[in-house]
Amino acid sequence: MKKPQTVKALEELGRVQLSKSFFMREFLYSEISQVEGIANIPDNPELAIAAGKNLCEKVLEPIQDVLGRISVRSAYRSSSVNAKGAENKNQYNCSRNESNYAGHIWDKKDSEGYMGATACIVVTSFIPYYEQTQDWTALAWWIHDHIDAYTEMTFFPKYAACNIRWYENPDVPKIIYSYVKHPHTGKSGYLTKEGMDNYSGSHEPCYQTFIEQLPAR
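What follows is the structure in structure tokens.
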């Protein structure tokens with residue numbers, strides 16, 4: 012598939028089914044694209060589709076199967092859109108392109124030759140629990156314990172939205188980072204990474220109350 016140059020071709024790209032629940036179109040929306048007038052269209056649609064399918068099938072669908080609907084806040088960024096976001100000292104909170112290849116830029120492999128894909132998501136069933144407790148770590152630990160294919164998560168304050176990434180290299184250790192203070196320690200930053208005492212083992216006590224509050228599915 013070539014880079015879409017017409018409305019019809021872009022419609023065809025948007026109709027590509029990435030998994031049982033997700034289509035390419037819902038990952039292409041970008042506020043930067045809308046405001047700055049830069050098309051958010053992959054230069055390499057085939058690579059973007061391949062990376063997106065792995066993200067959806069191996070990470071997003073397993074979360075949605077148990078926790079319910081996932082809302083996609085943002086996901087794919089073209090190199091041009093991401094570069095605009097990184098201008099003027101990171102004006103739109105985007106890392107430089109080289110750091111986002113195989114991340115938000117799905118259609119570029121990284122410097123090591125691996126593909127990957129990142130999406131910013133909200134797990135809607137988690138919102139009531141989060142608004143009651145401000146404990147984003149319950150969702151983080153549930154995903155860490157149950158979704159083996161994720162590579163990294165970064166949490167944000169509104170609705171405990173998080174960037175979640177699938178990455179082709181299976182040897183990369185997992186990372187959970189947050190811009191939200193940990194409700195039990197008062198600190199933001201790394202919740203876990205390789206080498207920390209809490210990296211391995213079950214974290215069920217951290218999310219048990221949240222899971223018990225979920226409506227029956």
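So in this note's numbering, spot 91 of the sequence shown is number 102, and the numbers just go up one at a time.
Glycine residues also receive a C-beta, built at the ideal position from the N, C-alpha and C atoms.
Legend entry - Endpoints, the beta strand (DSSP E) within which Glu205 is located: Premise fails: Glu205 is in no beta strand (DSSP E) and is neither H nor E.
Legend entry - N- and C-terminal bounds of the beta strand (DSSP E) containing Thr148: Thr148 -> not in any beta strand (DSSP E); alpha helix (DSSP H) instead, spanning Thr148 to His157.
Inset, instruction - Please classify Ala113: does DSSP put it in a helix, a strand, or coil? - result: coil
Legend entry - DSSP state of Asn99 mapped onto helix, strand, coil: helix
Inset, instruction - Count the other CB atoms, across all protein chains shown, that sit within 10 Å of the CB of Gly124; report buried if there are 16 or more and exposed otherwise. - result: exposed
Legend entry - Sequence-distant residues of the same chain with beta carbon closer than 6 Å to Gln102, five excluded per side: none
Inset, instruction - Specify whether the region 36 to 55 and the region 109 to 118 touch according to this definition: at least 3 beta carbon pairs, one from each stretch, less than 8 Å apart. - result: yes
Inset, instruction - Taking only the alpha-carbon atoms, compute the straight-line gap between Ala62 and His214 and give it to the nearest angstrom. - result: 29 Å
Legend entry - Among Met35, Ile154, Glu179 and Ser85, the one whose alpha carbon lies nearest that of Lys219: It should be pointed out that residue 219 corresponds to Gln in this sequence rather than to Lys. That would be Ile154, whose Cα lies nearest to the Cα of Gln219.
Inset, instruction - Compute the Euclidean distance between the alpha carbons of Ile186 and Ser41, then round it to the nearest angstrom. - result: 25 Å
Legend entry - Neighbourhood of Lys13 by C-beta distance below 8 Å, restricted to the same chain and skipping five residues each side: Ala20 and Pro56
Inset, instruction - Enumerate in chain order the residues of its own chain whose CB-to-CB distance from Lys198 is below 7 Å, with the five nearest sequence positions on each side excluded. - result: Lys192
Legend entry - Sheet register partners of Ala128 (DSSP bridge): Trp177
Inset, instruction - Using the Cα positions of Phe221 and Gly48, report the straight-line distance between them to the nearest angstrom. - result: 41 Å
Inset, instruction - List the DSSP bridge partners of Ile81. - result: Val134
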